[in-house]
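Chemist: If you count the sequence shown from 1, position 19 lands on 32 in the numbering used here, and the numbers rise without skipping.
Take this structure, written in structure tokens, and hold onto it; I'll ask about it next.
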Amino acid sequence: MTEAVVELRDVFCVHRTDEGDAAALQGTYLDLARAEILCVLGPSGAGKSTLLRVIAGLQTPSAGIVDVLGFDVGRMRPRARARLRHEHVGFLGEHAGSALSPDLQAGQAVALPLALRGVPSRRRGERAAELLDAAGLGDRARARPGELSGGERQRLALCAALAHRPALLLADEPTGELDDAGAETVRRLIAGLARREGASVVVVSHDAASAAIADRVVRLRDGRVVADRRDGDEALVVSRTGWLQLPTEMLTSAGIAGRARVHGDRDGLRLTRAPVKPPPSPRPGLGHGLASAPGTPRGARGASVELQGVSRGYGRRPVLVNLWATFPAGAMTVITGPSGTGKTTLLRLVAGLDRPGAGRVTIDGQVLADYDDEQLACLRRQRIGYLPQEPVPVGFLSANENVALALRLRGWERTAAAARAAVALRQVGLGERAGQRVHRLSAGEAQRVGLARALAGACGLLVVDEPTSRLDEASAGSVAALLAGAAAADGHTVLCATHDPAVIRRADHVLALRRPA
């Protein structure tokens, strides 16, 4: 093992809130060797983003040692931490698009970090062009973020993080919103940086495919490293206090729940089932409990949606050209295609958040072009549940308050809105987090708050954009089943833009978009 670039020793990170203390990291030990690519896998809420923020010096640990490039960042002053990041660290946060100025062209956005470091103009331009070409954005150098798809914005933000050739790159879900081809491009970019320039990399992800570029993979759960894989051999991690977490799928297959008996000798340990009294009233988990919600639109009349010769572009760039499509009422249709093919644009047109340059969008035979902005807003309140690609719940409100607020704006009575919100949150697996303020949740959990908000407000039409982009595999599968049930059981027309095979498999219909010729 070469000299460690990052070393965490018994690190705790506790978030103090009005709702109580929540430990994001609990006695975490981790090391990263020079020029090593480390992939950290784990479900939403496992502590992955907190881990990166602690390493980057953006968050101070409550206890323990965080050594980065020879500096104890937990004991550094804020200005010294900022200088360390400026000189040696590239950081790509979960919401990559939010780091981009809406007024800068793509080439300018990549060159900006170099300008702040005093790099001459010509070298800035050459480096920006090099990275944009590698990311498949060479022909988009003059485009502004508003003219790019979510996947393209994510690749652009990665280019900006790599511009100054950092010694340490920290990437938080860098492929979360990309199709397979775009994700592979980003993974090649990250691997290429590390191999070519001797950088060390920490990538956190819910996507096991990210492990393909890694020298080592660790699994994080409940703020602890629970498994470590080197050279294809994965071992469970036993903490210094003897703490060991067994994989859920292993316990499930063995029929162990609640309690177990342990038998041990010099050859090893053996776990067997122990009798456990069933709970008196089990709580519904992900995908359960919607039917009991007051005011739930069971059997809602699904909206019939049509696009008739629709075209939409940005500047001189066409995105949708003469598109004809019919989305059957009460069915789930997924919209697929590479980044930049107009999936988000299509959904925004259906939701009345954008208007076509040509053609017509109709809902139940009504032409949306005949509606003014106020009438479109009224239509959304009455019929449409909408989840954007980057949902932005109100951070200082709880998860329940976020969902209930959307219902109150639709005319729901306060008590009924709170009850409906509670059920919707249980439906997406956040029942026990309903009282937590959203800014304390992980990005995957915040995404599920947005989904609960859309589900609770839908009355015949549910429009969702990449609903599983920040979710682990198990949660993504449950959300896919949830969306299918919204159509099959509840009667909604569901339109879903996605790259996720788990969601595509559940669809009644698939519309595959391609870039205009």
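Don't be surprised by glycine CBs; every beta carbon is placed ideally from N, CA and C.
Where does T285 sit, in a helix, a strand or coil, going by DSSP?
Modeler: strand
Chemist: So for V407, helix, strand or coil by DSSP?
Modeler: DSSP places V407 in coil when its eight states are reduced to three.
Chemist: Can you list, in chain order, the residues of its chain with a C-beta nearer than 6 Å to that of A9? Leave out the 5 residues immediately preceding and following it.
Modeler: The question about residue 9 has no answer, for the chain in this structure spans 14 to 530.
Chemist: Provide the residue(s) that pair with Q321 in DSSP beta bridges, ordered along the chain.
Modeler: Listed as beta-bridge partners of Q321 by DSSP are R373.
Chemist: To which residues of the same chain is R137 closer than 7 Å at the C-beta, ignoring the five residues directly before and after it?
Modeler: A124, L127, A128
Chemist: Closer than 8 Å is the cut-off here; do at least three beta carbon pairs connect the segment 314-333 with the segment 369-377?
Modeler: At 8 Å Cβ cutoff, the stretches touch.
Chemist: Return the CA-CA distance between A467 and A184, expressed in angstroms with no decimal places.
Modeler: 29 Å
Chemist: Pick from V19, A36, E16: whose alpha carbon is nearest that of R453?
Modeler: A36
Chemist: List the residues that DSSP assigns as beta-bridge partners of C26.
Modeler: L38
Chemist: Expressed to the nearest angstrom, what Euclidean distance is found between the alpha-carbon atoms of F84 and S488?
Modeler: 37 Å
Chemist: Please confirm whether A471 and L443 have their CB atoms less than 9 Å apart.
Modeler: no
Chemist: Taking buried to mean at least 16 other C-beta atoms within 10 Å of its own C-beta, is N415 buried or exposed?
Modeler: buried
Chemist: Report the residue from G159, L64, T339, T481 whose alpha carbon sits nearest the alpha carbon of G236.
Modeler: L64
Chemist: Using three-state DSSP, classify M2 as helix, strand or coil.
Modeler: Residue 2 is absent from the structure shown; the chain starts at 14 and stops at 530.
Chemist: Looking at the structure shown, is E247 part of a helix, part of a strand, or coil, going by DSSP?
Modeler: strand
Chemist: Using DSSP with H/G/I as helix, E/B as strand and the rest coil, what is S213?
Modeler: strand
Chemist: Answer with buried or exposed for G359, where buried requires no fewer than 16 other C-beta atoms within 10 angstroms of its C-beta.
Modeler: Inspection of the sequence shows that residue 359 is occupied by Leu rather than by Gly. Answer is buried; the Cβ neighbour count reaches 16.
Chemist: Using a threshold of 9 Å, state whether the C-beta atoms of R394 and G424 are closer than that.
Modeler: yes
Chemist: Is it buried or exposed for T285, if we count other Cβ within 10 angstroms and need 16 for buried?
Modeler: Counting C-beta atoms within 10 angstroms of its own C-beta, T285 has fewer than 16 neighbours from the protein chains shown and is therefore classed as exposed.
Chemist: Return the bridge partner residues of H276 from the DSSP annotation.
Modeler: R283
Chemist: How about V217 and A224: are their beta carbons less than 9 Å apart?
Modeler: no
Chemist: What residue from E16, R155, A141, L175 has the CA that sits closest to G103's CA?
Modeler: Checked all of E16, R155, A141, L175; the closest Cα to G103 is L175.
Chemist: Let's see if you can read the secondary structure: which residues bound the alpha helix (DSSP H) around G138?
Modeler: 134-147
Chemist: Which value, in whole angstroms, describes the spacing of the CA atoms of G355 and C172?
Modeler: 22 Å
Chemist: Going by DSSP, what residues sit across from Q460 in a beta bridge?
Modeler: Paired residues: none, contrary to the question.
Chemist: Based on the DSSP output, what are the partners of L43 in its beta bridges?
Modeler: L21
Chemist: Looking at C-alpha atoms only, which residue of D385, G350, T349 is the closest neighbour of L366?
Modeler: D385
Chemist: Distance check for L169 and V199, CA to CA, integer angstroms please.
Modeler: 10 Å
Chemist: Of the choices F25, E426, V18, whose alpha-carbon is the least far from that of D44?
Modeler: V18
Chemist: Could you compute how far the alpha carbon of P351 sits from the alpha carbon of G163?
Modeler: 11 Å
Chemist: Excluding the 5 residues flanking A497 on each side, which residues of the same chain have their C-beta closer than 7 Å to its C-beta?
Modeler: Correct list, in chain order: M345, R519.
Chemist: Report the CB separation of A148 from L181 in whole angstroms; it is logged as a contact under 8 Å.
Modeler: Contact flag wrong, Cβ pair sits at about 20 Å.
Chemist: Per the contact definition of three or more C-beta pairs closer than 8 Å, is the segment 493-512 in contact with the segment 424-438?
Modeler: no
Chemist: Classify T349: buried if its beta carbon has 16 or more other beta carbons within 10 angstroms, exposed otherwise.
Modeler: buried
Chemist: Whose C-beta lies closer than 7 Å to the C-beta of P401 among residues of the same chain, with five residues either side of it excluded?
Modeler: D478
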